[in-house]
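In this note's numbering, the protein residues as written are 3 to 209.
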């Protein structure tokens, strides 16, 4: 897949591999595709990786249920320090701080790699505004470079608006998985460029 970076991490999806610190948008529309994404965590649990389930309550519950149905005791994984479950926060920066803290705690505990599977709460109560989440998504790409990690963010394109899919998925993720095929994303924007767009949109909204 990559020609300029060392590809070492089994994505757990269709025999695809990524590099450490990659940030991937995963597009799904069927329950089977949702379950396929959870294999990203499962392949890590078969080794020594730490898993982070991050999202709104319904999605987190679904991920944990799939893990259980595939033979993974998520309660024991949590007790053993192998799994962290996180929800939303009032602001994107609060979420980034909590995610970073969870990553650091896992690495300090000896995990060789952290795998985060995310289902962001676009439009959900107790989650930040869409602009805040867009800013968060862009900053995650930079934050990934500080940790031995891989982050996969799930996008249900049957439910999310075109605006969220374009700006939230395509413009903030260097890689995409669509139809279980991994591709480099030509629509990804540099972090500074994207954040400038967010600030402009925020200023126009206030005005």
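Glycine included, each C-beta is placed from N, C-alpha and C at the ideal position.
Euclidean distance between Cα positions of residue i and residue j
i, j, result
"residue 187", "residue 26", "9 Å"
"residue 153", "residue 23", "7 Å"
"residue 197", "residue 189", "15 Å"
"residue 3", "residue 181", "Low per-residue confidence applies at residue 3: pLDDT is 42, beneath 50, and the placement is therefore not dependable enough to give any value."
"residue 199", "residue 168", "13 Å"
"residue 59", "residue 21", "29 Å"
"residue 105", "residue 11", "17 Å"
"residue 93", "residue 103", "16 Å"
"residue 201", "residue 74", "42 Å"
"residue 160", "residue 39", "16 Å"
"residue 209", "residue 32", "A caution first: residue 209 carries a pLDDT of 42, below 50, which makes its placement in the model unreliable, though a value can still be read off. So the two alpha carbons sit approximately 40 Å from each other."
"residue 183", "residue 18", "8 Å"
"residue 108", "residue 67", "23 Å"
Run of the beta strand (DSSP E) containing residue i, from where it starts to where it stops
i, result
"residue 86", "85-88"
"residue 60", "Run containing residue 60: none in the beta strand (DSSP E); it sits in the alpha helix (DSSP H), 59-71."
Residue range of the unbroken alpha helix (DSSP H) whose run includes residue i
i, result
"residue 33", "33-47"
"residue 10", "It is not in any alpha helix (DSSP H) - residue 10 carries neither H nor E in the DSSP assignment."
"residue 80", "76-81"
In DSSP terms, what residue i is bridged to
i, result
"residue 29", "157"
"residue 54", "86 and 118"
"residue 20", "11"
If contact is defined by three or more beta carbon pairs under 8 Å, each pair taking one atom from either stretch, is the segment 117-132 in contact with the segment 37-47? yes
Counting pairs of Cβ atoms below 8 Å between the segment 83-101 and the segment 136-150, do you hit three or more? yes
How about the segment 130-141 and the segment 72-87: do they share at least three Cβ pairs that are nearer than 8 Å? no
Whole runs of the beta strand (DSSP E) within the segment 97-146, excluding any shorter than 3 residues: 116-121
Give, in chain order, every unbroken run of the beta strand (DSSP E) that is at least 3 residues long and sits entirely within the segment 147-203. The qualifying runs are 151-158, 177-180 and 183-186.
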